[in-house]
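Notes follow once the structure below has been shown.
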Amino acid sequence: YEGVNTIKEMGRSIHEIPRKE
Amino acid sequence: DSCIQFTRHASDVLLNLNRLRSRDILTDVTILVNRQQFRAHKTVLMACSGLFYSIFTDSHKCNLNAISLDPKVDPEGFAILLEFMYTSRLALKESLIMAIMNTAIYLQMDHVVDTCHRFIKSSD
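Each protein sequence line maps, in turn, to chains A and B. Using my numbering, read the first sequence as starting at 1 and increasing by one per residue. Using my numbering, read the second sequence as starting at 22 and increasing by one per residue.
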C-alpha cells in the first residue's frame, strides 16, 4: 500500500470462535 | 486515502482455525502416525509442510481423507509440530528435541529444522 496513510489497529480484528458451543 | 492495518489479524485467524480443529469442525483429513490419529484441515497442513503440500496438490491424493505417515515418525513429535502449525508456538522438551527435528525434516518444514539446529547448538 505505497503512499497510503496506514493506521495500525492493535485490537481484535474478527470474532473469536468459542471453545465449545 | 487511508488503510487500517489490524496488526493481530493473522493470530486471530490462526486461533479460530485452532478452535475449529479442537471442535473437529470442517476438518477434512485424519493423519495416522503409528497407532495415533490426528484430525486436521488439509489447507493448514499444506500451508505449513512441504510434504503435505506435495500430497494434497497431487490430483491422485488430494481427495484422500486419511494419510498414514512413515512408521519411523514419532507421534509425540508430530503432535508438537501440528500444535505449532495451529499456534506458532513450538514446545521444545529436551527429551523430544531430536524427535521433533527428525519429524520436521520428514514433513519438510525447513525453517523449523533450522531453528531446532540452532537451539541444539546453543544448548550444547
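Glycine included, each C-beta is placed from N, C-alpha and C at the ideal position. Please read all numbers here as calculations on a predicted model, not as lab measurements.
- Residue pairing by DSSP puts B/Ser23 in a beta bridge opposite A/Asn5.
- Assignment of B/Arg60 by DSSP, reduced to helix, strand and coil, places it in the strand class.
- With fewer than 16 other Cβ atoms from the protein chains shown falling within 10 Å of its own Cβ, B/Ile141 counts as exposed.
- By the Cβ test, the stretch 88 to 101 of chain B is in contact with the stretch 45 to 60 of chain B, since at least three Cβ pairs between them sit closer than 8 Å.
- Residue pairing from DSSP leaves B/Ser43 without any beta-bridge partner.
- One alpha carbon belongs to B/Gln26, the other to A/Lys8, and they sit about 5 Å apart.
- Taking 8 Å as the upper bound for CB-CB distance, B/Tyr107 and B/Leu38 are in contact here, some 6 Å apart.
- The three-state reading of DSSP puts B/Leu38 in helix, counting H, G and I together.
- Proximity of B/Leu103 to chain A, defined by a Cβ-Cβ separation below 8 Å, is not satisfied.
- Note: B/Leu111 is not bridge-paired with any residue in the DSSP secondary-structure output.
- Our two residues, B/Thr48 and A/Ile17, have alpha carbons roughly 15 Å apart in a direct line.
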